[in-house]
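Asks: In the numbering used here, the protein residues as written are 17 to 220. Okay, here's the structure, questions in a sec.
Structure below.
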């Protein structure tokens with residue numbers, strides 16, 4: 017059995033517009049707005065998202081409090097599934113263990129998975145409410161599921177995902193249908209770089 021750890025936003029769903037608006041609104045609410053739009057937003061994912069906020073001087077407690085009300089207003093119908101990923105996930109889960117590792121909150125992820133017919137394919141959702149560090153979440157999953165690191169793949173769409181997966185000691189899979197450009201992902205030097213969801217089946 018292999019362990020496939022999937023990032024959520026940008027990998028399983030197309031949520032860039034919604035997530036960017038949510039984060040932007042939270043930062044405006046606590047008077048620490050982004051000033052350079054999407055470029056600055058995407059830079060937050062060059063490392064761990066929450067660590068990036070702290071480095072920018074954002075009060076994390078205030079941000080999280082602001083996010084409660086703003087997340088409640090998110091309409092999941094504004095998020096779109098990555099249709100080509102659904103059959104790939106369905107195939108991989110037949111023989112392997114699949115988990116979501118994300119900086120989004122678990123309740124939002126669960127609701128979206130149910131809405132987009134991913135429900136039942138993932139053993140567990142490790143969101144921001146579990147812990148902020150993706151590296152630590154990956155290490156937690158490695159220990160819990162007793163799978164050798166060489167059989168564990170973290171699939172992400174940002175350079176921060178690749179960095180945290182590498183630091184956790186697992187195989188890293190960069191995908192190019194998500195938030196960071198193909199050039200940016202290639203520069204992060206993941207173990208695998210895939211342009212289409214079907215390519216993930218090479219790891220089956």
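Glycine is no exception: its CB is placed at the ideal position from the N, C-alpha and C atoms.
Who are residue 171's beta bridge partners in DSSP?
Replies: In DSSP, residue 171 forms a bridge with 22, 189.
Asks: Helix, strand or coil, according to DSSP, for residue 165 in the structure here?
Replies: The answer is helix: DSSP assigns residue 165 an H, G or I state.
Asks: What number of angstroms, rounded off, separates the C-alpha of residue 187 from the C-alpha of residue 205?
Replies: Taking the straight line from one Cα to the other gives about 11 Å.
Asks: May I have the straight-line CA-CA distance separating residue 72 from residue 48, to the nearest angstrom?
Replies: Approximately 9 Å, taken between the alpha carbons.
Asks: Please name the residue in 60, 65, 95, 37 whose C-alpha comes closest to that of residue 29.
Replies: The shortest C-alpha separation from residue 29 is found at 95.
Asks: Contact check, residue 116 vs residue 213 under 8 Å by CB: the rounded distance?
Replies: In fact, because the Cβ distance is near 16 Å, the residues do not count as touching under 8 Å.
Asks: Roughly how many angstroms lie between the CA atoms of residue 141 and residue 124, to the nearest whole one?
Replies: Between residue 141 and residue 124, the C-alpha separation is close to 10 Å.
Asks: Along the alpha helix (DSSP H) that carries residue 95, what are the first and last residues, could you check?
Replies: Taken as a continuous stretch (DSSP letters only), residue 95 belongs to no alpha helix (DSSP H), as it is neither H nor E.
Asks: Could you name the residues that DSSP lists as bridge partners for residue 30?
Replies: Answer by DSSP bridge pairing, in chain order: 96.
Asks: Tell me, to the nearest whole angstrom, how far the beta carbon of residue 87 is from that of residue 121; I am working on the premise that it is less than 8 Å.
Replies: With 8 Å as the limit, residue 87 and residue 121 qualify as a contact, their Cβ atoms being about 7 Å apart.
Asks: Rounded to a whole number of angstroms, what is the C-alpha to C-alpha distance between residue 40 and residue 157?
Replies: Near 31 Å, if we compare the C-alpha coordinates of residue 157 and residue 40.
Asks: By Cβ distance, which residues of its chain are closer than 7 Å to residue 109, with the 5 residues on each side in sequence left out?
Replies: So the qualifying residues of the chain are 137.
Asks: Which residue or residues does DSSP assign as beta-bridge partners of residue 117?
Replies: Bridge partners of residue 117: 142.
Asks: In three-state DSSP terms, what is residue 50?
Replies: Reduced to three states, the DSSP call for residue 50 is coil.
Asks: Taking the alpha carbon of residue 37 as the reference point, which residue from 23, 57, 26, 19 has its own alpha carbon closest?
Replies: Minimum Cα distance to residue 37 is reached at 57.
Asks: Let's test the definition: count the other Cβ atoms within 10 Å of the Cβ of residue 70 and tell me whether it reaches 16, buried, or not, exposed.
Replies: It counts as exposed.
Asks: Going by the DSSP bridge assignment, what does residue 35 pair with across the sheet?
Replies: DSSP lists no partner for residue 35.
Asks: Looking at C-alpha atoms only, which residue of 111, 103, 159, 97 is the closest neighbour of residue 127?
Replies: The shortest Cα separation from residue 127 among 111, 103, 159, 97 belongs to 97.
Asks: Need the endpoints of the alpha helix (DSSP H) that residue 208 sits in, please.
Replies: From DSSP, residue 208 is part of no alpha helix (DSSP H) but of the beta strand (DSSP E) over 208-210.
Asks: Looking at the unbroken alpha helix (DSSP H) that takes in residue 127, where does it start and where does it end?
Replies: Per DSSP, residue 127 belongs to the alpha helix (DSSP H) from 122-131.
Asks: Taking all protein chains shown into account, decide if residue 27 is buried (16 or more other Cβ within 10 angstroms of its Cβ) or exposed.
Replies: With 16 or more Cβ atoms within 10 Å of its Cβ, residue 27 is classed as buried.
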